[in-house]
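**Student:**
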Amino acid sequence: MPELPEVETTVRLLRRELVGHRFERVSLKWPRQCPTPGVIRRELPGRRVAALSRRGKFILVHLRPADRTLLIHLRMSGQLSVQRASVPSDPHAHTVFSLDDGLELRFSDTRKFGRVYLVRDPDEFLARLGPEPLGAAFNPKWMRERFEGRKRAIKTLLLEQSIVAGMGNIYADESLFRAHIDPRRSASSLSSREIRTLHSAIRAVLEEAIEHQGTSFDWVYSGGEMQSRLRVYGRREQPCATCGTPIERIVVGQRSTHLCPRCQR
DNA sequence: AACAGCCCCTGGGTGC
DNA sequence: TGCACCCAGGGGCTGT
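The opening position of the first sequence corresponds to residue 1 in my numbering, with each subsequent residue numbered one higher.
#1: Per DSSP, what kind of secondary structure is serine 27 in: helix, strand or coil?
#2: May I have the straight-line CA-CA distance separating valine 268 from phenylalanine 107, to the nearest angstrom?
#3: What does DSSP give as the partner residue(s) for leucine 60 in the beta ladder?
#4: Would you identify the three-state DSSP class for proline 246, choosing helix, strand or coil?
#5: List in chain order: all unbroken alpha helix (DSSP H) runs of 4+ residues lying wholly within the stretch 142-195.
#6: Can you list, in chain order, the residues of its chain with a C-beta nearer than 6 angstroms to that of glutamine 79? Leave out the 5 residues immediately preceding and following it.
#7: Taking the alpha-carbon positions, what's the leucine 129 to aspartate 123 distance?
#8: Any idea if alanine 187 is buried or exposed, counting beta-carbon neighbours within 10 angstroms, 16 or more meaning buried?
#9: Would you kindly report the start and end of the unbroken alpha helix (DSSP H) that includes threonine 110?
#10: What distance in whole Å lies between the Cβ atoms of arginine 178 and alanine 201, which are believed to be in contact at a cut-off of 8 angstroms?
#11: So, with DSSP's three-state summary, where would you put arginine 231?
#12: My assumption, with CB atoms under 8 angstroms, is that leucine 44 sits in contact with serine 53. Please give the rounded CB distance.
#13: I need the straight-line Cα distance from leucine 158 to methionine 167, nearest angstrom please.
#14: So, do the stretch 12-22 and the stretch 66-82 have three or more beta carbon pairs nearer to each other than 8 angstroms?
#15: From glutamate 148 to threonine 215, what does the alpha carbon distance come to, in whole angstroms?
#16: Apart from the five residues just before and just after threonine 36, which ones in its own chain have a Cβ nearer than 8 angstroms to its Cβ?
#17: Give the single residue among Val26, Arg152, Arg150, Asp173 whose Cα lies nearest to the Cα of histidine 94.
#18: With arginine 84 as the anchor, note down where its beta strand (DSSP E) starts and where it stops.
#19: Can you check which of these residues, Leu63, Arg55, Pro91, is closest to tryptophan 30 by C-alpha distance?
#20: Assign histidine 92 to one of three DSSP states: helix, strand, or coil.
#21: CB serine 98 to CB glutamate 24, shorter than 7 angstroms?
#22: In the DSSP output, what is glutamate 104 paired with across the bridge?
What follows is the structure, encoded as structure tokens:
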């Protein structure tokens, strides 16, 4: 699913249900979902959930003892839920964590792109991620430095997790619309003023999306209301809310891209 | 280093 | 109705 706002929403919901519970067993039915199955089976049982957090699009399950951390990436279609073990499991729940009190943490993932890791040092594991877009380290100066000399489309760079952690296709399109910038523009062509505008737009869009619990789409993620506030994503041929020009859908860097050809330059 | 292109998967939608 | 084809929110890997 899931970009930063949807992952953040997931973390907030799971936090209430998971903190304090103890892992008892792990069932791994799709080997590629977990690159180190032996480590997880050996090290996870007996540990309790101390806290949950998010870094980019990764979910971090902090444990006690604290020398291991469970990391989950939902990729395209992953969903996490906490259920009673007696509730029938859905056929795509390839990874199931049995908890105390008869509960299960289920990782459903239709497209099987999601990943689960148990690591010693999450900071090291996530070292290549860029700054959090809502944190102080993500600022116009950082953006300007990263865009310098980069000829690729600005949209493509916004999707690079080493530049800004957690951006995805929906919110990249929405941010560029709100900044009035054409997603095909070379990153190095942006003026300082445009970078400042884009920086503000990214923050505003993500904050609004978190406030509305993210965007619900298809069968992958539900619960959010942000889809009704999107201005370009998924609105091909519908009139731009600002000028009435039909929204265009093009391909940039092999990703579907939505823009208003009149408002974005 | 930067970048284009391919690949991993499944299932829903569309057009013939 | 059946079926081939296209499409998808992510990201890692390859070769140039």
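Ideal placement from N, C-alpha and C gives every residue a C-beta, glycine not left out.
**Tutor:** Taking the definition as stated:
#1: Residue state, collapsed to three classes: strand.
#2: The requested residue 268 does not occur in the structure, where the chain is confined to residues 1 to 265.
#3: Per DSSP, Ser53, Leu71.
#4: Three-state result, proline 246: strand.
#5: Secondary structure in the stretch 142-195: the alpha helix (DSSP H) runs of 4 residues or longer, each lying completely within the stretch, are 154-158, 169-178 in chain order.
#6: The residues are Ser108.
#7: Roughly 10 angstroms separates the two Cα atoms.
#8: Buried is the call here.
#9: Threonine 110 -> no alpha helix (DSSP H), and no H or E assigned at all.
#10: Indeed, because the Cβ distance is near 4 angstroms, the residues count as touching under 8 angstroms.
#11: Looking at arginine 231 - three-state DSSP - the assignment turns out to be coil, as it is neither helix nor strand.
#12: Between serine 53 and leucine 44 the Cβ distance is about 18 angstroms, and since that is not below 8 angstroms, they are no contact.
#13: Between the alpha carbons of leucine 158 and methionine 167 lies a gap of roughly 7 angstroms.
#14: Taking 8 angstroms as the limit for Cβ pairs, the verdict is that the stretch 66-82 does touch the stretch 12-22.
#15: Distance between the alpha carbons of glutamate 148 and threonine 215 is about 32 angstroms.
#16: So the list reads Tyr117, Leu118, once near-sequence residues are dropped.
#17: Distance from the Cα of histidine 94 is smallest, within the candidate group Val26, Arg152, Arg150, Asp173, for Val26.
#18: Run containing arginine 84: 78-84, per the beta strand (DSSP E) assignment.
#19: Looking at Leu63, Arg55, Pro91, the one whose alpha-carbon comes closest to that of tryptophan 30 is Pro91.
#20: Three-state result, histidine 92: coil.
#21: Yes, these two residues count as a Cβ contact at 7 angstroms.
#22: Glutamate 104 has Gln83, Ser98 as its beta-bridge partners, per DSSP.
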